[in-house]
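Below is one structure, written out as structure tokens; comments come after it.
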Amino acid sequence: MGEFLDLIVFLVLMVVGYVAGRIAERRHYRSILEREKQMAGVLVFSNRFPPLSGAGGQALVAGSVVVSEDYFKRVVSSLQSVFGGRLRAYESLLDRARREAVLRMKQEASEQGARMIVNVKFQTFSIPGRNPRSYGAVEVMAYGTALTAR
Amino acid sequence: MQYSNPQIPEGINVSATHPLLDFLRLLGGIAVAAALVIGVAALLADKLARHLPFSAEERLAARFAGALPPPSPQSAYLQALADRIAAAQDLPEGMRVRLHFVDEPAINAFATLGGNIVVFRGLLDRMPSENALAMVIAHEVAHVKLRHPVTTLGRGLAIGVAVATLSAGAGGDIAGRTLGNGGLLTVLTFSRAQEREADARALGAVAALYGHVAGADRIFRLLGEEAARLPLDPPALLRTHPLDRERIDAIAAMAAANGWSLAGAVRPLPADLRGRPPAGGS
């Protein structure tokens, strides 16, 4: 009986995780694509020094995202970790997180009138740390130096 | 100089594989691997458990001794009968059976770890003769002799450990639960092959004891009648044992093959054995 109940709870979590995860992902990608077009005017470079010797000011800009896996992704990735190989379940999650972080950073830069961000770097941080029984969530932060017009 | 950020095509960092397809593929792989591991573990346990010394099995069973009923006049009678049957079955050195009587109406008897055999009042009440009862006890003694309880426990444990290892984290205490359930408190479920084997040995013991096998199939007829009477609530013995009709036929075939007579004078049970009239009054 206890095992049966466990199975039901597991299946419900799987379905909820899958449906919610899919809807959130589709919605998020739509928003990402739209805002990336809007923010296309703010250029990002990984170069440490500005490509243009502008006379403007500089400002540190950052965009941070915390994103969590859903239950379905968690189960799929734990199964995948048995065999190894591409963790497809997490690829879209991290792709979304990176792009969202860049978008938020660009947003901040754009609000300061910047048209360019240089020395862009990413940093990630696992929220639950190393506890394997905890939930999986990651912070992705993008930061750089915005070159503002003066 | 004009700078620009190129438009990066979609789908570079993300696989197009449908997540459900991905999931099913992984599940299939895991299922195959798990079936293999569990199958091998069960097979090994099956082969190894029967080599566990009987004294070790007795020590294991001693952990559950508190759950056994106290001695009674009925258990003394059953023990005496079982000792004769055990002698007829030629139990190996150091192996002995211990009979217990449970004053409950269930039509049931079972063998479990450490040579412990439990007989319920409901079964005793419905046995028309010593010969019929001897067949039941001989069947349980055969389970003990063939090491079926410990083999079954070993298999259950091996499967439990394999499952727990495979689903590490998800079901860490499955092995503990298997040990708890598989012990003396519940009836171990033997396989059909094990039941057939025990039937054959038991019939041989009954023939050796009485010179004929009259009444030996009584238990299976009784179970068949009970199953017909209570189709929704079959007797416990029937739930774990295969088709009684098949076993009645098997007994007749074995008797014919060995030249054991199916007719003969049956010995009555002692009059004071029955505590009270059978439930249901049939």
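In order, the protein sequences belong to chains B and W.
Residue numbering for the first sequence follows my numbering, starting at 43 and increasing by one per position.
Residue numbering for the second sequence follows my numbering, starting at 2 and increasing by one per position.
Glycine included, each C-beta is placed from N, C-alpha and C at the ideal position.
Only a predicted model underlies this, so the values are computations on that prediction, with no experimental measurement involved.
Among the options, the one whose alpha carbon lies nearest that of residue i
i: Leu210/W; options: His19/W, Ala253/W, Ala88/W, Pro269/W; result: Ala88/W
i: Ala272/W; options: Asp84/W, Tyr4/W, Ala215/W, Glu131/W; result: Glu131/W
i: Asn14/W; options: Gly105/B, Leu145/B, Ala131/B, Ile50/B; result: Ala131/B
i: Ile220/W; options: Ala256/W, Glu198/W, Ala32/W, Ala139/W; result: Ala139/W
i: Met96/W; options: Ile86/W, Val207/W, Val137/W, Gly116/W; result: Gly116/W
i: Val39/B; options: Leu129/B, Val103/B, Leu47/B, Phe125/B; result: In the structure displayed, chain B extends from 43 to 192; residue 39/B sits before or after that span and is not available.
i: Leu55/B; options: Arg69/B, Phe114/B, Ser73/B; result: Phe114/B
i: Tyr78/W; options: Ala50/W, Leu92/W, Arg99/W, Arg156/W; result: Arg99/W
i: Thr113/W; options: Glu105/W, Leu270/W, His101/W, Gly123/W; result: His101/W
i: His213/W; options: Asp245/W, Ala229/W, Gly260/W, Ala199/W; result: Gly260/W
i: Thr152/W; options: Glu58/W, Ala201/W, Leu37/W; result: Glu58/W
i: Ala17/W; options: Leu129/B, Ser123/B, Leu121/B, Val182/B; result: Leu129/B
i: Met255/W; options: Ala266/W, Glu198/W, Gly225/W; result: Glu198/W
i: Gln195/W; options: Val142/W, Glu227/W, Ala165/W, Arg230/W; result: Val142/W
i: Ala188/B; options: Asp112/B, Arg172/B, Ser88/B, Gly127/B; result: Ser88/B
i: Ala203/W; options: Ile108/W, Ala35/W, Leu92/W; result: Leu92/W
i: Ala264/W; options: Arg230/W, Leu274/W, Ala133/W, Glu247/W; result: Ala133/W
i: Leu135/B; options: Val109/B, Val118/B, Gly155/B; result: Val109/B
i: Val180/B; options: Ser119/B, Gly99/B, Phe167/B; result: Phe167/B
i: Pro72/W; options: Ala201/W, Glu11/W, Ile118/W; result: Ile118/W
i: Ala156/B; options: Val117/B, Gly83/B, Pro170/B, Gly127/B; result: Gly83/B
i: Arg116/B; options: Gly186/B, Phe52/B, Gln100/B; result: Phe52/B
i: Ala229/W; options: Gly216/W, Ala217/W, Arg246/W; result: Arg246/W
i: Arg193/W; options: Ala217/W, Gln80/W, Ala215/W, Arg248/W; result: Arg248/W
i: Ala35/W; options: Leu121/B, Pro92/B, Ala151/B; result: Leu121/B
Start and end residues, alpha helix (DSSP H) containing residue i
i: Ile169/B; result: No alpha helix (DSSP H) holds Ile169/B; DSSP gives it neither H nor E.
i: Gly78/W; result: Contrary to the premise, residue 78/W reads as Tyr rather than Gly in this sequence. That run of the alpha helix (DSSP H) goes 74 to 90.
i: Gly216/W; result: Looking at the DSSP string, Gly216/W is not in any alpha helix (DSSP H), and its letter there is neither H nor E.
i: Asp112/B; result: Note, Asp112/B: premise wrong, no alpha helix (DSSP H); not H, not E.
i: Asp35/W; result: With the sequence shown as reference, residue 35/W is identified as Ala, and Asp is not the correct amino acid for it. Taken as a continuous stretch (DSSP letters only), the alpha helix (DSSP H) holding Ala35/W covers 20 to 50.
i: Tyr211/W; result: 193 to 211
i: Met136/W; result: 131 to 146
i: Val15/W; result: Note, Val15/W: premise wrong, no alpha helix (DSSP H); not H, not E.
i: Ala151/B; result: 130 to 153
i: Glu247/W; result: 245 to 259
Start and end residues, beta strand (DSSP E) containing residue i
i: Met183/B; result: 179 to 190
i: Ala57/W; result: Careful: Ala57/W lies outside any beta strand (DSSP E), inside the alpha helix (DSSP H) at 55 to 63.
i: Ala112/W; result: 110 to 113
Per DSSP, cross-strand counterpart(s) of residue i
i: His101/W; result: Val119/W
i: Lys163/B; result: Tyr185/B
i: Gly99/B; result: Thr190/B
i: Gly194/B; result: Nothing about residue 194/B can be read from this structure; chain B reaches only from 43 to 192.
i: Leu274/W; result: Answer is none; Leu274/W lacks a bridge partner.
i: Leu55/B; result: Leu55/B is not bridged to any residue.
i: Val86/B; result: Ile159/B
Counted within 10 angstroms of its Cβ, other Cβ atoms place residue i as buried (16 or more) or exposed
i: Gln8/W; result: exposed
i: Phe55/W; result: buried
i: Val120/W; result: buried
i: Lys148/B; result: buried
i: Val124/B; result: exposed
i: Leu25/W; result: exposed
i: Arg11/W; result: The sequence as given places Glu at residue 11/W; Arg does not occur at that position. It counts as exposed.
Residues of its chain near residue i, where Cβ-Cβ distance is below 6 Å and the 5 sequence neighbours each way are ignored
i: Gly155/W; result: Ala46, Ala50
i: Leu223/W; result: Arg127
i: Ala206/W; result: Ile86, Ala89, Gln90, Ala139
i: Val33/W; result: none
i: Arg141/B; result: Ile74
i: Arg148/W; result: Arg51
i: Val86/B; result: Ile159, Val162
i: Glu111/B; result: Gly178
i: Gly123/W; result: Pro106, Ala107, Ile108
i: Val58/B; result: none
i: Tyr60/B; result: Phe114
i: Glu150/B; result: Val103
Proximal residues to residue i (C-beta, below 7 Å), its chain only, five neighbours per side dropped
i: Thr179/W; result: Note that Thr179/W has pLDDT 42, beneath the 50 cutoff, so the model's placement of it is unreliable and no number is given.
i: His70/B; result: Arg138
i: Pro70/W; result: His101, Phe102, Val103
i: Ala163/W; result: Val38, Ile39, Ala42
i: Leu27/W; result: none
i: Ser76/W; result: Leu100, His101, Phe102
Contacts around residue i, its chain only, beta-carbon distance under 8 Å, and the 5 residues preceding and following it disregarded
i: Leu145/B; result: Ile74, Arg77, Glu78, Met81, Gly105
i: Ala143/B; result: Gly105, Ser106, Val107, Phe164, Val182, Met183, Ala184
i: His144/W; result: Ala112, Pro150, Phe191, Gln195, Ala199
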